[in-house]
Structures are given as C-alpha cells and as structure tokens.
C-alpha cells in the first residue's frame with residue numbers, strides 16, 4: 009500500500025534520474041533532484057530573485073567587463089546548486105560560440121577553472137553546448153580531456169547519432185519545443201502523450217542508443233506538461249521545471265515505466281561525416297528551425313543579463 013501512495017515524482021525517481029531545470033535554490037532544496045541544469049534563461053531568472061540580490065551586487069562590485077561579471081554570476085549560481093545536489097550541474101557556453109569550435113573549448117576551460125576556484129571540481133560539471141556540428145566537435149575534444157559535456161538544443165536523430173559518435177556524456181533532446189513546432193505546423197491544440205512528436209522523438213533516440221550499446225545519457229528536456237514526462241518514464245534522466253516537479257509531487261496515481269534498455273532491439277551504431285550531418289539536419293525543417301531559434305533565444309537572454317549588469321554598474 010505504501011508504494012501505491014507514493015507520489016508520481018517519487019515513482020519517477022525510482023526508474024529515472026530526476027534533474028531540476030531551474031536556478032531556483034529553494035525549489036531545488038524542496039524537490040531534491042540528483043542533478044541541476046541551467047541555461048542563460050534560468051540564470052537570468054535566478055539573479056533577479058530576491059535571495060540572489062546580495063550575490064548580484066557583489067559580482068557587479070568586483071568590476072571587470074560585462075561578460076566577466078556575467079560569467080561570475082553563472083558560476084555563483086552553479087556553485088550554489090552544486091552545494092545542494094549530489095550530481096552534475098550543467099553550465100552553458102555562450103550561445104555566440106555555437107559555431108566556433110576553438111572558442112567553445114576556451115570558454116569551457118574558463119568555466120571549469122572558475123568552478124575550481126569555488127571548490128567545485130570538473131567531475132561535478134557538465135559543459136552545455138548547442139548540438140551544432142561545431143558544438144559536437146568541441147565536445148568531442150573536451151571529452152578526451154576529461155571534461156564532460158551536455159549537448160543541448162537537440163531535435164533530430166542526425167544530431168543524436170553525431171553526439172553518440174563523438175562520445176559525449178549526455179544529450180538533452182527538447183521534447184516541448186518539438187511539440188510546439190508540430191502544433192503550429194499541423195494547426196492542432198495538442199497531442200495525446202503516445203502520439204506527441206516530442207515524446208516519439210526521444211523514444212526513438214533512446215531505443216537507438218540502447219540498441220546500439222551507446223553509453224551517452226539521454227536526458228529528456230523542455231516539457232510542456234506532466235503527460236509528456238509520464239510518457240518517458242524510465243528514460244535515463246529527465247530535466248523538469250519546478251512547476252511540473254510540484255505537480256508530480258502532488259499526484260499519487262500509479263506511474264507505468266515506458267522506457268527500458270531491455271526493450272530495445274539490437275542495432276549497429278551509426279556515424280555521420282560533416283556533409284551528411286548538415287544535409288540530414290537541413291532536410292529536417294523542424295530541427296533546423298528550432299536549433300536556430302534556440303540559439304537566438306539563449307543569446308537574447310544573455311543580452312538581458314548584460315543589460316541588468318550595465319544598469320547596476
């Protein structure tokens with residue numbers, strides 16, 4: 009009877025590693041996820057929170073360029089999260105470097121060094137890079153240096169295959185943004201979870217990875233509703249917003265496991281050269297559009313953070 013009364017969040021934690029998609033310290037303490045993931049949008053929100061005002065003022069008072077202060081704030085938010093969760097904290101590389109292999113690697117080194125100065129080792133950090141060809145190549149080199157990477161803004165099998173071939177630690181396929189595109193394209197209000205294009209995309213990637221014996225972690229991200237999360241129960245990791253974590257914690261209906269490595273059919277791992285990767289991505293209108301849009305949005309939020317800093321100087 010005790011198991012039957014467990015919340016959906018607790019049931020989910022029994023089959024999937026739950027990650028908090030937030031920079032909200034109190035929400036992380038409340039829901040006790042294994043990992044945390046951040047991005048420019050979440051950091052922007054975190055530094056505007058009342059609890060971070062002193063931290064924000066301290067970072068600005070230290071001086072330096074706007075970019076230096078922004079990175080300091082990112083590290084402060086990430087370090088605070090690392091002090092709460094036992095696992096990884098994902099930290100994003102500047103979106104402007106999404107097509108710059110060497111620039112992405114240099115920024116990753118800078119972030120890892122800054123975390124080290126706060127007493128957070130590189131084994132606790134996942135460097136987040138956009139799943140462009142250049143981002144994947146940067147991640148391949150970083151992984152060989154022992155710096156683990158989270159490839160984000162992933163919308164297609166071509167990206168997933170290339171990431172696995174590069175040996176990245178983790179990928180973040182964006183469920184909700186895929187669904188958003190298809191809703192607009194097909195002129196519908198929504199989908200049953202079993203027919204949801206975002207859910208189906210992650211299931212396809214998961215089945216390929218498990219069937220091919222790929223170690224890269226699949227972490228579903230960008231959820232629009234709890235039904236999408238339930239439809240991916242059993243995925244390696246799921247990164248979930250505080251609102252949906254709360255909803256799951258207040259729901260005690262039984263949760264069925266939907267994904268399992270044992271159910272995957274054996275397949276051979278694939279590999280894509282650059283022309284094939286670019287062609288397959290180009291042929292997928294949804295993935296092409298959402299990848300570009302995602303990079304622009306992350307950059308726009310970084311610019312807003314720069315504006316906050318400039319206004320406080």
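Residue numbers (my numbering): 9 to 321. Virtual Cβ for every residue (Gly too), placed ideally from N, Cα, C.
Please name the residue in the options whose C-alpha comes closest to that of residue i.
{"i": "residue 127", "options": "294, 83, 104, 261", "result": "83"}
{"i": "residue 2", "options": "181, 200, 197, 194", "result": "Nothing in the structure corresponds to residue 2, since the chain is present only between 9 and 321."}
{"i": "residue 287", "options": "166, 66, 191", "result": "166"}
{"i": "residue 132", "options": "80, 299, 119", "result": "119"}
{"i": "residue 151", "options": "164, 40, 171, 161", "result": "171"}
{"i": "residue 62", "options": "76, 272, 48, 81", "result": "81"}
{"i": "residue 297", "options": "192, 272, 237, 264", "result": "192"}
{"i": "residue 251", "options": "95, 294, 30", "result": "30"}
{"i": "residue 280", "options": "71, 116, 144, 122", "result": "144"}
{"i": "residue 179", "options": "309, 224, 34", "result": "224"}
{"i": "residue 20", "options": "292, 299, 293, 257", "result": "257"}
{"i": "residue 121", "options": "161, 79, 292", "result": "79"}
{"i": "residue 22", "options": "308, 292, 263", "result": "263"}
{"i": "residue 275", "options": "299, 243, 222", "result": "222"}
{"i": "residue 94", "options": "300, 125, 39, 50", "result": "39"}
Less than 9 Å between the C-beta atoms of residue i and residue j, yes or no?
{"i": "residue 313", "j": "residue 134", "result": "no"}
{"i": "residue 110", "j": "residue 146", "result": "yes"}
{"i": "residue 206", "j": "residue 185", "result": "yes"}
{"i": "residue 64", "j": "residue 316", "result": "yes"}
{"i": "residue 247", "j": "residue 45", "result": "yes"}
{"i": "residue 285", "j": "residue 138", "result": "no"}
{"i": "residue 140", "j": "residue 156", "result": "no"}
{"i": "residue 113", "j": "residue 37", "result": "no"}
{"i": "residue 266", "j": "residue 321", "result": "no"}
{"i": "residue 283", "j": "residue 239", "result": "no"}
{"i": "residue 229", "j": "residue 255", "result": "no"}
{"i": "residue 97", "j": "residue 245", "result": "no"}
{"i": "residue 183", "j": "residue 231", "result": "yes"}
{"i": "residue 159", "j": "residue 136", "result": "yes"}
{"i": "residue 220", "j": "residue 269", "result": "no"}
{"i": "residue 272", "j": "residue 199", "result": "no"}
{"i": "residue 106", "j": "residue 163", "result": "no"}
{"i": "residue 253", "j": "residue 116", "result": "no"}
{"i": "residue 123", "j": "residue 294", "result": "no"}
{"i": "residue 90", "j": "residue 310", "result": "no"}
{"i": "residue 161", "j": "residue 50", "result": "no"}
Is it right to say residue i is buried, meaning 16 or more other beta carbons lie within 10 angstroms of its own, or is it exposed?
{"i": "residue 24", "result": "buried"}
{"i": "residue 32", "result": "buried"}
{"i": "residue 9", "result": "Its pLDDT being 40, under 50, residue 9 is placed unreliably in this model, and the value from its coordinates should be taken loosely. The residue is exposed, with fewer than 16 neighbouring Cβ atoms inside 10 Å."}
{"i": "residue 16", "result": "buried"}
{"i": "residue 56", "result": "exposed"}
{"i": "residue 68", "result": "buried"}
{"i": "residue 304", "result": "exposed"}
{"i": "residue 86", "result": "buried"}
{"i": "residue 318", "result": "exposed"}
{"i": "residue 290", "result": "exposed"}
{"i": "residue 142", "result": "buried"}
{"i": "residue 101", "result": "buried"}
{"i": "residue 302", "result": "buried"}
{"i": "residue 41", "result": "buried"}
{"i": "residue 48", "result": "buried"}
{"i": "residue 196", "result": "exposed"}
{"i": "residue 13", "result": "exposed"}
{"i": "residue 261", "result": "exposed"}
{"i": "residue 54", "result": "buried"}
{"i": "residue 249", "result": "buried"}
{"i": "residue 43", "result": "buried"}
{"i": "residue 28", "result": "buried"}
{"i": "residue 203", "result": "exposed"}
For residue i, which residues does DSSP report across the bridge?
{"i": "residue 26", "result": "246"}
{"i": "residue 98", "result": "45, 134"}
{"i": "residue 159", "result": "137, 179"}
Would a check of beta-carbon distances place residue i closer than 9 Å to chain D?
{"i": "residue 28", "result": "Among the protein chains of the structure shown there is no chain D, as only one such chain exists."}
Item to check | Uninterrupted alpha helix (DSSP H) stretches inside the segment 174 to 249 (no shorter than 4 residues) | outcome: 183 to 194, 205 to 219, 234 to 238
Next on the checklist: Ignoring anything shorter than 4 residues, give me the alpha helix (DSSP H) runs that lie fully in the segment 70 to 122, in order along the chain.
Outcome noted: The qualifying runs are 74 to 90.
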